[in-house]
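Have a look at the structure below before the remarks.
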Amino acid sequence: MILGVIADDFTGATDVASMLVRQGLRAVVCTDLHDPLPGEADAVVVALKSRTAPVQQAVADSLAALAWLRQGAPRQIYFKYCSTFDSTAHGNIGPVAEALLDALGAPLAIACPALPENGRTVFQGHLFVGEQLLHESGMRHHPLTPMTDANLVRVLQAQSRGRVGLATHSVVRQGPAALAAHLAQLATQGHRLVVVDAVDGAALESLAGACVDHALVTAGSGLALALPAVYAQRGWYQPRSDAAPLPPAQGRAAIVAGSCSQATQVQVAHWRDAGLPAWRLDPAALAAGGDLVAEALRWAAAQGASPTLFHATADPEAVRASQALLGADAGAQIEHCLARIAVALVEGGVGRLVVAGGETSGAVTQALGVGQLRIGGTIDPGVPWTQVEGRPLWLALKSGNFGSVDFFAKSLAISS
Ligand code: ADP
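Under the working numbering, the letters of the sequence shown match residues 42 to 457, in that order.
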């Protein structure tokens, strides 16, 4: 194994795996640490549901994943978080990164959520979503991890015990050697985590060259596009053309959307506006104790063989209203309901399932008892088709803010 990846949510796991596969690395996503490590994989990605977990649990889960991965003696560990740096007021990016550094006995790790091909860039330590600063983007309304500060040094420092530094564009663009020297200097000054600017692919290439010898990197999925070339230069692997070898997907199709991110809102509206079958989870009915799973299935049966969309996706005002109705764990209740619907759909013969939302994907895949996912071709940047190992079940797990407006129809067209 060259790379062991710890992803803090399920869509993040398939996202980073798809980036590695695009560079010809064989990557497998695993969810069950009781399983043996997969053989014949260059990169093994552990999918956790730790982004919004209590800090201690997120740290414990991440350390357990690290111990499991280290059985394969990977050359490097990659802690993967969201390209919008999704985290709660208490963490978990800082505490998990520091715990992994301690366990690896490493002095310093970089932190870079940039994913330029999806418009996430870091400049002067500030995260941009397209042309907007993070806190001015739709992320300020996220139901679980509202992001209200684009200054990543400040955000990460508030979560961390150790000192957080910054490597700006001016040093990144000087190339890997200059950046590596700068990072080494920051380590000697006592910095443990260093936010690194990256505004484009060239910056990520510079960063990959500078941190290839670090025991730990922490990043969004963008760095995973640049690291493999450096691994190949080192002679650690030969890029393979057959790194994404999935058989064609089969079976009826359904979409389950629990994301309230802007991209998913637009995708749901696009599907509905086209007159395609859509069922909306009504939080008021959930609060009243209605059997929404039975209702959803009755509705689905009436749609025949058409692909169907089940969504809780709603705008920020409706989210606030349902949080008032359902209480602090509104998100978890809705995830649970959508996951039960997904399980019933698969039991009823759905073989191709698109899930929108990171936490939602975690809930759905855990309820489906998914152990290992093989990675196939990319639908849109960061979202591949995957196949559940040993089962006739194909999943596309979409991070809420990813994908084009017609993502749902596009994913089904690619899979059929
Ligand atoms: P994303 O990838 O966009 O962050 P997630 O699935 O990770 O999406 O998070 C969305 C969260 O919002 C989930 O916990 C989901 O259950 C919750 N949610 C979905 N619909 C609603 C709603 N109408 N009201 C309140 N919370 C909602």
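We put the beta carbon where it would ideally sit given N, CA and C, even for glycine.
Counting only beta-carbon atoms, is L145 nearer than 8 Å to chain C? No chain C appears in this structure, which consists of one protein chain only.
Can you tell me which of S445, V235, G417 and S247 puts its alpha carbon nearest to the alpha carbon of G65? Numbered from 1 along the sequence shown, position 24 holds the residue referred to as residue 65. For G65, the closest C-alpha among the options S445, V235, G417 and S247 is that of G417.
Taking 8 Å as the threshold (C-beta atoms), are L224 and L149 in contact? Locating residue 149 in the sequence shown gives position 108, counting from the first residue. Locating residue 224 in the sequence shown gives position 183, counting from the first residue. Yes, these two residues count as a Cβ contact at 8 Å.
Could you check if H183 belongs to the surroundings of the ligand ADP, using beta carbon to heavy atom distance under 7 Å? For the purposes of this step, residue 183 is identified with residue 142 of the sequence shown, where counting begins at 1. Taking 7 Å as the cut-off, the C-beta of H183 counts as close to a heavy atom of the ligand ADP.
Assumed close pair V170, A239 - CB separation to whole angstroms, cut-off 8 Å: As a position in the sequence shown, residue 170 is number 129, starting the count at 1. As a position in the sequence shown, residue 239 is number 198, starting the count at 1. With a Cβ gap of about 14 Å, V170 and A239 do not count as contacting.
Got a sec? Which residues, its chain only, sit under 6 Å from Q117 by beta carbon, not counting five neighbours each side? Taking the first residue of the sequence shown as position 1, residue 117 is located at position 76. L44, listed in sequence order.
Report yes if the C-beta of G399 is less than 7 Å from at least one heavy atom of the ligand ADP; otherwise report no. As a working note, residue 399 is residue 358 in the sequence shown. At least one heavy atom of the ligand ADP lies less than 7 Å from the C-beta of G399.
Check whether A408 and R432 have beta carbons under 8 Å apart: Numbered from 1 along the sequence shown, position 367 holds the residue referred to as residue 408. Numbered from 1 along the sequence shown, position 391 holds the residue referred to as residue 432. No, the Cβ-Cβ distance between A408 and R432 is not below 8 Å.
Please indicate yes or no: does the CB of C153 lie closer than 7 Å to some heavy atom of the ligand ADP? Your numbering for residue 153 matches position 112 in the sequence shown. Answer for C153: no, Cβ out of range of the ligand ADP.
Which ranges would you report for the beta strand (DSSP E) in the segment 263-327 if only whole runs of at least 3 residues count? Under the rule that a run must span 3 or more residues, the beta strand (DSSP E) segments found entirely inside the segment 263-327 read 293-298 and 319-321.
As a quick exercise: from A355, L287 and A371, pick the residue whose alpha carbon is nearest that of T419. Along the sequence shown, one-based indexing puts residue 419 at 378. Among A355, L287 and A371, the Cα nearest to that of T419 is on L287.
Helix, strand or coil at T419 [DSSP, three-state]: Here residue 419 is taken as the residue at index 378 of the sequence shown, counted from 1. Looking at T419 - three-state DSSP - the assignment turns out to be strand.
Cutoff 6 Å; reference S124; Cβ partners in own chain excluding five residues on either side: Position 83 of the sequence shown holds residue 124. Here the set comprises P154, L156, R161 and G261.
My assumption, with CB atoms under 8 Å, is that S440 sits in contact with G53. Please give the rounded CB distance. Here residue 440 refers to the residue found at position 399 when the sequence shown is read from its first residue. Here residue 53 refers to the residue found at position 12 when the sequence shown is read from its first residue. About 7 Å separates the two Cβ atoms, so the contact holds.
Taking 8 Å as the threshold (C-beta atoms), are G444 and V424 in contact? Against the sequence shown, residue 424 aligns to sequence position 383. Against the sequence shown, residue 444 aligns to sequence position 403. Their beta carbons are under 8 Å apart, which means V424 touches G444 by this criterion.
Would you check if the distance between the CB atom of D241 and the CB atom of N133 is smaller than 8 Å? Within the sequence shown, numbered from 1, the residue matching residue 241 stands at position 200. Within the sequence shown, numbered from 1, the residue matching residue 133 stands at position 92. Against a cut-off of 8 Å, the Cβ pair of N133 and D241 comes out as no contact.
Touching or not, the segment 306-313 and the segment 95-113, by the rule of three or more beta carbon pairs under 8 Å? no
Let me check understanding here. Comparing Cα to Cα, which of V253, R293, V194 and H131 lies closest to Y272? The count along the sequence shown starts at 1 and reaches residue 272 at position 231. Measuring from the Cα of Y272, the nearest candidate turns out to be V253.
Please classify F449 as buried or exposed, where buried requires at least 16 neighbouring CB atoms within 10 angstroms. Translated into positions along the sequence shown, residue 449 becomes position 408. It counts as buried.
Coarse secondary structure for N442, derived from DSSP in three states: Here residue 442 corresponds to residue number 401 of the sequence shown, with the count starting at 1. The three-state secondary structure of N442, taken from DSSP, is coil.
Taking 7 Å as the cut-off, is the C-beta of N442 nearer than that to any heavy atom in the ligand ADP? Taking the first residue of the sequence shown as 1, we reach residue 442 at position 401. Checking every heavy atom of the ligand ADP against the Cβ of N442, one is found closer than 7 Å.
Compare the Cα-Cα distances from S128 to each of Q198, V87 and A244 and report the closest residue. Position 87 of the sequence shown, counted from the start, is the residue given in the question as residue 128. Closest option to S128, Cα to Cα, is Q198.
Close beta carbons around L394, own chain, < 6 Å, minus the five adjacent residues each side: The residue labelled residue 394 in the question sits at position 353 within the sequence shown. Excluding positions up to five away in sequence, the list reads A295 and L436.
Mind checking who C252 pairs with in its DSSP beta bridge? Working through the sequence shown from its first residue, we reach residue 252 at position 211. Looking at the DSSP assignment, C252 forms no beta bridge with any residue, so it has no partner.
May I ask you to list the residues that DSSP assigns as paired with Q97? As a position in the sequence shown, residue 97 is number 56, starting the count at 1. For Q97, which the question treats as bridged, DSSP gives no partner whatsoever.
For P348, which of L89, W320, G390 and R293 has the nearest alpha-carbon? As a first step, residue 348 must be located in the sequence shown, where it is residue number 307. Nearest of L89, W320, G390 and R293 to P348, Cα basis: R293.
Taking the alpha-carbon positions, what's the A335 to Q274 distance? What you label residue 335 is simply residue 294 of the sequence shown in a count that begins at 1. What you label residue 274 is simply residue 233 of the sequence shown in a count that begins at 1. So the alpha carbons of these two residues sit roughly 55 Å apart.
Cβ of Q291 within 8 Å of Cβ of G410? By one-based count along the sequence shown, residue 291 stands at place 250. By one-based count along the sequence shown, residue 410 stands at place 369. Contact: no.
Check whether the Cβ of I375 lies closer than 7 Å to any heavy atom of the ligand ADP, and answer yes or no. Reading the sequence shown from its first residue, position 334 is the one you call residue 375. Within the cutoff, so yes.
For P148, name the three-state secondary structure that DSSP assigns. Numbered from its first residue, the sequence shown carries residue 148 at position 107. In this structure, P148 counts as coil in the three-state DSSP scheme.
Spatial neighbours of F51 within its chain, please: C-beta separation below 6 Å, excluding the five flanking residues on both sides. Translated into the one-based positions of the sequence shown, residue 51 becomes position 10. Exclusion of the five residues before and after F51 leaves A88, S402, G403, T406 and L438 as the residues of its chain whose Cβ lies within less than 6 Å of its Cβ.
What do you reckon, is the C-beta of Q308 under 7 Å from a heavy atom of the ligand ADP? In the sequence shown, counting from the first residue as 1, residue 308 sits at position 267. No, Cβ of Q308 sits at least 7 Å from all heavy atoms of the ligand ADP.
Spatially closest choice to T427 from R339, G263 and S59, by CA coordinates: Residue numbering aside, residue 427 sits at position 386 when the sequence shown is read from its first letter. The candidate whose alpha carbon is nearest that of T427 is S59.
Taking 6 Å as the limit between beta carbons, can you name the residues of its chain near V236, skipping five residues before and five after? For the purposes of this step, residue 236 is taken as the residue at position 195 of the sequence shown. Cβ neighbours of V236 beyond the five flanking positions: A152, G166, L193, V194 and L207.
Between A284 and the rest of its own chain, which residues show a CB-CB distance below 7 Å, the 5 nearest in sequence each way excluded? For this step, residue 284 is matched to residue 243 along the sequence shown. So the qualifying residues of the chain are V62, G65, L66 and R67.
Opposing strand residues paired with F120 [DSSP bridges]: By 1-based counting over the sequence shown, the position of residue 120 is 79. DSSP output for F120 lists I47 and T259 as bridge partner(s).
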